[in-house]
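Chemist:
2 protein chains.
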Amino acid sequence: MKYELSPGNLLQKSEDPRAGAELFHTLLESPYVKLEHIISHGQASPPDFWYDQDEDEWVLLLRGEATLEFADGGMVRLTAGDHLTVPKRVRHRVHRTSEDAIWLALFLKV
Amino acid sequence: MKYELSPGNLLQKSEDPRAGAELFHTLLESPYVKLEHIISHGQASPPDFWYDQDEDEWVLLLRGEATLEFADGGMVRLTAGDHLTVPKRVRHRVHRTSEDAIWLALFLKV
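Residue numbers (the UniProt record's numbering), protein chains in the order written: chain Y, 1 to 110; chain E, 1 to 110.
#1: With DSSP as the reference, label Asp82(E) as helix, strand or coil.
#2: Since Glu99(Y) sits in a beta bridge, which residues does DSSP pair it with?
#3: Locate the beta strand (DSSP E) running through Asp54(Y), then write down its first and last residues.
#4: At least one CB of chain Y closer than 9 Å to the CB of Phe70(E): is that the case?
#5: From His25(E), Arg96(E) and Ala101(E), pick the residue whose C-alpha is nearest to that of Leu62(E); which is it?
#6: So, is the C-beta of Asp82(E) closer than 9 Å to a C-beta in chain Y?
#7: Arg89(E): beta carbon under 8 Å from a heavy atom of the ligand SAM?
#8: For His25(E), is the classification buried or exposed, using 16 other Cβ atoms within 10 angstroms of its Cβ as the cut-off for buried?
#9: Using the Cβ count rule (16 or more neighbours within 10 Å means buried), how would you classify Glu29(Y)?
#10: DSSP beta-bridge partners for Ser40(Y)?
#11: For Val90(Y), I'd like the list of residues in its chain whose CB is within less than 7 Å of its CB, leaving aside the five on either flank, ordered along the chain.
#12: Straight-line CA distance for Lys2(E) to Pro46(Y)?
#13: Would you report the Cα separation of Leu5(E) and Glu65(Y), rounded to the nearest angstrom?
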């Protein structure tokens with residue numbers, strides 16, 4: 001494995017042909033963790049859709065603003081630099097994001 | 001475990017009494033990974049000091065500018081948003097950082 005700079009700056013929006021689509025990119029993955037880079041463009045989860053995961057997830061908002069909604073009624077508003085852990089089985093959805101929201105998500109598989 | 005916003009915004013410099021010191025803060029740790037937040041203030045590694053780690057390390061520069069130096073003579077310059085993986089046993093040091101450099105480092109223990 002080399003130590004060269006990885007392609008893609010994580011704070012810049014990509015010029016992807018699928019403009020407006022939410023983009024998911026796995027930065028690294030092992031049997032124990034997955035690190036994901038997510039670019040949102042004002043997306044919210046579909047109404048009544050809830051993430052219900054087997055894995056603890058650590059989330060950092062790198063850019064923009066976003067609000068996460070939890071099944072217990074809680075809302076957590078994030079601005080760039082804010083982070084939190086969403087424990088496994090805690091149902092949540094993306095309530096809203098700004099047009100320029102960029103996330104880093106670390107999934108702890110075990 | 002709760003899902004509340006974690007304390008501390010990772011893009012903002014802390015007002016730490018140890019002004020000017022390099023600050024290391026473990027955000028999460030499991031038997032498999034450690035995630036660390038590092039605030040630098042123009043620090044470099046001591047001359048002739050080399051990190052020589054048992055673990056692959058993924059590094060993201062969240063803010064500022066920095067240059068990593070490798071024992072094979074390579075230099076990698078990073079600006080905010082740049083990231084790379086430093087494989088285990090690849091000797092490296094911090095050649096320089098800007099006054100406002102903030103890092104995220106993910107260590108893969110296995």
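Each residue gets a CB set at the ideal place from its N, CA and C atoms; glycine is no exception.
Modeler: Looking at the coordinates:
#1: Residue numbering aside, residue 82(E) sits at position 82 when the second sequence is read from its first letter. Three-state result, Asp82(E): coil.
#2: As a working note, residue 99(Y) is residue 99 in the first sequence. Residue pairing by DSSP places Glu99(Y) in no beta bridge whatsoever.
#3: Numbered from 1 along the first sequence, position 54 holds the residue referred to as residue 54(Y). Looking at the DSSP string, Asp54(Y) is not in any beta strand (DSSP E), and its letter there is neither H nor E.
#4: The residue you call residue 70(E) lines up with position 70 of the second sequence. Taking Cβ atoms only, chain Y reaches closer than 9 Å to Phe70(E), which makes this a yes.
#5: Here residue 62(E) refers to the residue found at position 62 of the second sequence. That would be Ala101(E), whose Cα lies nearest to the Cα of Leu62(E).
#6: Against the second sequence, residue 82(E) aligns to sequence position 82. Yes, Asp82(E) lies at the interface with chain Y (some Cβ there is under 9 Å from its Cβ).
#7: Looking at this structure, you won't find the ligand SAM or any other ligand, since it has none at all.
#8: Translated into the one-based positions of the second sequence, residue 25(E) becomes position 25. By the Cβ-count criterion, His25(E) is exposed, with fewer than 16 other Cβ atoms from all chains shown falling within 10 Å of its own Cβ.
#9: As a working mapping, residue 29(Y) is identified with position 29 in the first sequence. Flag for Glu29(Y) reads exposed.
#10: Mapped onto the first sequence, residue 40(Y) falls at position 40. Ala101(Y).
#11: Here the question's residue 90(Y) lines up with position 90 in the first sequence. Phe70.
#12: For the purposes of this step, residue 2(E) is taken as the residue at position 2 of the second sequence. For the purposes of this step, residue 46(Y) is taken as the residue at position 46 of the first sequence. Each residue's Cα considered, the two are about 24 Å apart.
#13: Working through the second sequence from its first residue, we reach residue 5(E) at position 5. Working through the first sequence from its first residue, we reach residue 65(Y) at position 65. Their Cα atoms are separated by approximately 14 Å.
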